[in-house]
Amino acid sequence: MMDAISRPGTKRPGKLANKQTRFIVGGLIVVLVIGYLIFTSIQGSTAPYLTVTELRSRGPSVYERNVRVSGIIQGASIDWNAQDLLLQFEIADEGGHLPVVYKGLRPDMFRDGAQVVVEGQYTAEGIFEAHNLVLKCPSKYEEAATATAQPGG
Amino acid sequence: MAEVGYGIILLTLIVSAYAAAAAWVGQRQGRPGLVQSARNGLLAVAGLVTLASAVLLYLLLAPDFRVRYVYEHVSSHLATVYRISAFWAGQEGSFLLWLWFLAIITALVVSQEKAWDRQLHSQTLAVLAFIEAFFALVLVTVNDPFATLPIRPAEGVGLLPLLENPGMIFHPPTLFLGYAGYTVPFAFAVAALLTGQLDDRWLRGIRRWSLFAWLTLGIGILLGAWWAYVELGWGGYWAWDPVENASLVPWLIGTALLHSAVMQERRGLFKVWNMVLAILAFVLCLFATFVTRGGVILSDLHGFSSSALPITYYLLAFMALILLGPLFLLYSRRRQLAGENELEALLSRESGFLLNNLLFCGMALAVFLGTIFPTLTLIARGERIALDASFYNRTFGPLALVLVLLIGVCPVLAWRRTAADRLWRGLVYQAVFALVGAVILFVLGIRELFALLSFAVCAFVTATIVSEFYRGLMARRRIGGEGYLVALGRLIARGRRRYGGYIVHLAIVLIAIGVIGSSFYKNEWLASLRPGEEVAIGDYTLKYEDYAIEVLNANPETYQSKVRFATTLGVYRTGRRVTTLVAEKNNHWVLKNPWVTEVAIHSSLKGDLYVILGGLEQDGLASFQLVVNPLVSWLWIGGGLLSVGAVIAMWPSGRGDAPRGLTITNEA
Chain A
1 MMDAISRPGT KRPGKLANKQ TRFIVGGLIV VLVIGYLIFT SIQGSTAPYL TVTELRSRGP
61 SVYERNVRVS GIIQGASIDW NAQDLLLQFE IADEGGHLPV VYKGLRPDMF RDGAQVVVEG
121 QYTAEGIFEA HNLVLKCPSK YEEAATATAQ PGG
Chain B
154 MAEVGYGIIL LTLIVSAYAA AAAWVGQRQG RPGLVQSARN GLLAVAGLVT LASAVLLYLL
214 LAPDFRVRYV YEHVSSHLAT VYRISAFWAG QEGSFLLWLW FLAIITALVV SQEKAWDRQL
274 HSQTLAVLAF IEAFFALVLV TVNDPFATLP IRPAEGVGLL PLLENPGMIF HPPTLFLGYA
334 GYTVPFAFAV AALLTGQLDD RWLRGIRRWS LFAWLTLGIG ILLGAWWAYV ELGWGGYWAW
394 DPVENASLVP WLIGTALLHS AVMQERRGLF KVWNMVLAIL AFVLCLFATF VTRGGVILSD
454 LHGFSSSALP ITYYLLAFMA LILLGPLFLL YSRRRQLAGE NELEALLSRE SGFLLNNLLF
514 CGMALAVFLG TIFPTLTLIA RGERIALDAS FYNRTFGPLA LVLVLLIGVC PVLAWRRTAA
574 DRLWRGLVYQ AVFALVGAVI LFVLGIRELF ALLSFAVCAF VTATIVSEFY RGLMARRRIG
634 GEGYLVALGR LIARGRRRYG GYIVHLAIVL IAIGVIGSSF YKNEWLASLR PGEEVAIGDY
694 TLKYEDYAIE VLNANPETYQ SKVRFATTLG VYRTGRRVTT LVAEKNNHWV LKNPWVTEVA
754 IHSSLKGDLY VILGGLEQDG LASFQLVVNP LVSWLWIGGG LLSVGAVIAM WPSGRGDAPR
814 GLTITNEA
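These protein sequence lines map, in sequence, to chains A and B. By the working numbering, the letter at position 71 of the first sequence is numbered 71, and the numbering carries on one by one without gaps. Add 153 to the 1-based position in the second sequence for the working numbering, that's all there is to it.
Quick look at the structure:
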């Protein structure tokens, strides 16, 4: 960048057309590699989740396999053991209930009626051992929108 | 007072619409008087929007709860600084802030007119005025910050506790400054297309603005990451959330533009491409707002609103207009935009820039696709399927690594062509340095291949940049016999763009080191402790010393009302007390999701100790999640260095920016 103004080299007709093909081919290869990378990553990163009903209907075929299950937290079933950091609760949908055990902190947005995706393994005892909880709460920020609907506070 | 604010915005709409029309017609029909009145109009708009912002600020500070926006975002418990930051806590205020920045920037562009670019400049002002008019229209129709309630409530709702954080004072304004900044490259590009002045003038006009927008947007993103890290309390700074992604995409495109503009300046190449990037960068800034405020693309973790609001349609229509219009113009002008030179050799600086642009656009595409993927599957298959973080790690990660490597190779690549042996001689010491570094790290226990590779690339790039500085320094000393510091100072001062750029690249390496360290070597522990008990994690010992439970701001009830659960921990390292941390959890009982965690962080160059309080029982039994996050502070240090480098590169040289052929200047 010693000289931002002058441009060395001017266009010469003729043989240069061949040189350009090399760049087009080279550029295309890079583009294809990036495209391939994105495409394969999409396939590897979409873990669909089951509903409680679907999990029950599949039975033993999903035992000891890593699955994600979505459901609604049942408030009455929440049992939080602060000493052992053990969170036990049930999730449910129209088709049934699923008891879940999770070792870890109780998430901030964990409450009755919240939608949760539990990730982990379904055991033969009918208990789901979760190693990850994702609260599908619309948003922490949404509170603002809900509050605006009820002025007077 | 609120009515005055509304009146001012209405006037802003009228004046900016007039300015757009006057500048456009004035330039077309060659009537300088009309253009001059447009210019005056734009200066007036800057004054008007400043006044409107002052009115909103006054209403927030008063606070006047009859104004809906004030009622929704302020409570009497709120500290003054957060009453000010409430300005941009909501949608209406954010749009006003954006318009305010845009009006100030436009006024600066008005004052920057040079004799050689009068035609282009007039149309640029027309485009800027048109965009100002759009924002004013949004404010007077669907996003009025001055709307009032039928009655005056005694107390306000208050600010969301998550936004009551220093990060939220600086993050949104910096981001909006970046968004507003990218209007200028867009306006110049469209003006060039409208007037047919398709030489380098428009590029000269935007050079500093595009760097300014790039810097502010980048720092805005980094401040957002910092806010997420200290406030959201899950132990990380980046979650690949749609809202974060949406601000990253224009920044990546903007980075591509910074580099490809050099290609046009130096070699007359990439002319159409530069136009496309300048247009895309701005459209993507609007897209980011669309994601944050439009309610169409929702994330699992945080989307700001769940239903399509009127603003959604305004933004969609406007985005379609400002994307398709310029692209149509670009298509019709394509013949005038042929490159002046050809790419010559595969081993050349040109190839480096080409690869750089493909990689940046590839990264932008990956992040963009990931962001809209749930929406795409909803349209195609009727259900939302989100991509998890592994998608970004697999795509963004490797592409970013190749890009960082390219930073280290490019300075050695000459323009037009580079002989392979010269390239090898230029890089062999750096490669050896990187290899030695990798071996040392391996011996120290770094065994993950990707981490090792990434650290080696960082070492390689650092070595290249340092050797560039060293060569320049030695040349100055040889010729001028200057002392080291004087020589370094003059070296940078005489080649601001070059050495400013190197400093920015060095900052990117620091940020990369922070990202690699914290993504590969993060460690977590769970602990349940009673007061007086200790736990050992990594090099640290934590002693849970004390706790407190208290009610704050109970009357009147607002978002700031809370039960505070606080724990005090003593942090020891090799038997010595290092610091005391207070980890809290607050129950804001008014909120639907009442729990807000306030993490405690002990930061050092080596890494952060990050303490999350999970719960605190009445008897003092507390559950903690303890995280050791290596090298995170390097991210923030890198952000600081990046600002320094960018400001150096932006600093006016005092020699004007006239395009080639009009004034010939040489830059160091």
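Where a beta carbon is used, it is the ideal one built from N, C-alpha and C, also for glycine.
Task: alpha helix (DSSP H) runs wholly inside the region 339-392 of chain B, at least 4 long, in chain order - done: 354-380
TODO: Look up B/GLY421 in the DSSP assignment and say whether it is helix, strand or coil.
DONE: coil
Task: B/SER458 to B/GLN244 span [Cα, whole Å] - done: Residue confidence is low: B/SER458 scores 40 on pLDDT, short of 50, so the model does not pin down where it sits. Its coordinate-derived value is still stated next. Approximately 10 Å, taken between the alpha carbons.
TODO: For B/GLU397, count neighbouring Cβ atoms within 10 angstroms of its own Cβ and tell me buried if that reaches 16, exposed if not.
DONE: buried
Task: Cβ-based neighbour list, B/SER452, same chain, cut-off 6 Å, excluding 5 preceding and 5 following - done: At B/SER452, the pLDDT of 41 sits below 50, so the modelled position is not reliable; the number obtained from the coordinates is stated separately. These residues qualify, in order along the chain: ASP394 and PRO395.
Task: Spatial distance of B/PRO527 from B/LEU540 (CA atoms) - done: 8 Å
Open item on the list: With three or more beta-carbon pairs closer than 8 Å as the criterion, would you say the region 611-631 of chain B touches the region 583-600 of chain B?
Closed with: Touching, yes, given that three or more Cβ pairs across the two stretches are closer than 8 Å.
Task: Cβ-based contacts, 9 Å cut-off: residues of the region 106-118 of chain A near chain B - done: ARG106, PRO107, ASP108, MET109, PHE110, ARG111, ALA114 and VAL117
TODO: For B/PHE544, return the contacting residues in chain A, with the cut-off set at a CB-CB distance below 7 Å.
DONE: Proximity of chain A to B/PHE544 at the Cβ level (cut-off 7 Å) is accounted for by SER41, ILE42 and SER45, in chain order.
Open item on the list: Looking at B/LEU769: is its Cβ nearer than 8 Å to the Cβ of B/SER681?
Closed with: no
- [ ] Take B/MET154 as the anchor and find which of B/LEU210, B/ALA191, B/GLN182 and B/TYR674 has the nearest alpha-carbon.
- [x] B/LEU210
TODO: Measure from the C-beta of B/SER776 to each C-beta in chain A and report whether the shortest distance is under 8 Å.
DONE: yes
- [ ] Examine the Cβ distances between the region 177-186 of chain B and the region 234-243 of chain B and report whether three or more of them are shorter than 8 Å.
- [x] no
- [ ] Compute the beta-carbon to beta-carbon distance between B/PRO338 and A/LEU37, rounded to the nearest angstrom, for a pair I have assumed lies under 8 Å.
- [x] No, B/PRO338 and A/LEU37 are not in contact; Cβ-Cβ is about 29 Å, not under 8 Å.
Open item on the list: Considering only their Cβ atoms, is the gap separating B/ARG361 from B/LEU302 smaller than 8 Å?
Closed with: At a Cβ-Cβ threshold of 8 Å, B/LEU302 and B/ARG361 do not count as neighbours.
Open item on the list: One question on the structure: do B/ALA191 and B/LEU261 come within less than 8 Å of each other, judged by their Cβ atoms?
Closed with: The answer is no: Cβ separation not under 8 Å.
Open item on the list: Need the endpoints of the alpha helix (DSSP H) that B/TYR652 sits in, please.
Closed with: Taken as a continuous stretch (DSSP letters only), the alpha helix (DSSP H) holding B/TYR652 covers 649-673.
Open item on the list: Quick check: is the beta carbon of B/GLU266 nearer than 8 Å to any beta carbon in chain A?
Closed with: B/GLU266 does not count as touching chain A.
- [ ] Provide the residue span of the alpha helix (DSSP H) that contains B/ASP574, from first to last.
- [x] 573-597
Task: Cβ neighbour criterion (16 or more within 10 Å) applied to B/ALA533 - done: exposed
Task: chain B residues whose Cβ lies nearer than 9 Å to that of A/ILE34 - done: LEU511, LEU512, CYS514, GLY515, MET516, LEU518, ALA519, THR548 and LEU552
Task: Separation of B/GLY654 from B/LEU480, as counted between CA atoms - done: 31 Å
- [ ] Decide yes or no for the touch test of the region 652-667 of chain B against the region 770-790 of chain B: beta carbon pairs closer than 8 Å, at least 3 of them.
- [x] Contact between the region 652-667 of chain B and the region 770-790 of chain B is present, because at least three Cβ pairs lie under 8 Å.
TODO: Quick one: using the 10 Å Cβ neighbour count with 16 as the cut-off for buried, is A/ARG106 buried or exposed?
DONE: With 16 or more other CB atoms across the displayed protein chains lying within 10 angstroms of its CB, A/ARG106 is buried.
Task: Three-way DSSP call (helix, strand, coil) for B/TRP177 in this model - done: helix
Task: Given B/SER228 as reference, the closest of B/LEU496, B/VAL743, B/ALA753 and B/GLY377 once Cα atoms are compared - done: Selected option, being the one with the closest Cα: B/VAL743.
- [ ] Decide if the region 412-429 of chain B is in contact with the region 493-511 of chain B; the criterion is three or more beta carbon pairs, one per stretch, under 8 Å apart.
- [x] yes
Open item on the list: So, at 7 Å on beta carbons, what are the nonlocal neighbours of B/ILE167 in its own chain, with the 5 sequence-adjacent residues on each side left out?
Closed with: Counting only Cβ-Cβ distances below 7 Å, and skipping sequence neighbours, we find nothing.
- [ ] Spatial neighbours of B/HIS455 within its chain, please: CB distance less than 7 Å, with the 5 preceding and 5 following residues excluded, ordered by chain position.
- [x] Confidence at B/HIS455 is low in this model, with a pLDDT of 38, below 50, so the placement of that residue is unreliable and no value is reported for it.
- [ ] Determine, using beta-carbon pairs with one atom in the region 751-766 of chain B and one in the region 381-394 of chain B, whether at least three such pairs fall under 8 Å.
- [x] Contact between the region 751-766 of chain B and the region 381-394 of chain B is present, because at least three Cβ pairs lie under 8 Å.
Task: Nearest-angstrom Cα separation, counted from A/GLY35 out to A/TYR49 - done: 26 Å
Task: Residue closest to B/ILE406, alpha-carbon to alpha-carbon, out of B/LEU437, B/MET416 and B/TYR697 - done: B/LEU437
TODO: Give the residues of chain B in contact with A/VAL31, contact being defined as C-beta atoms less than 7 Å apart.
DONE: LEU511
TODO: In the DSSP assignment, find the beta strand (DSSP E) that holds A/GLY71 and state where it starts and stops.
DONE: 66-73
TODO: Please list the partners that B/GLU770 has in chain A, where partner means a Cβ-to-Cβ separation under 8 Å.
DONE: ALA82
- [ ] Please list the partners that B/ASN676 has in chain A, where partner means a Cβ-to-Cβ separation under 9 Å.
- [x] Chain A residues near B/ASN676: none, gap ~15 Å exceeds 9 Å.
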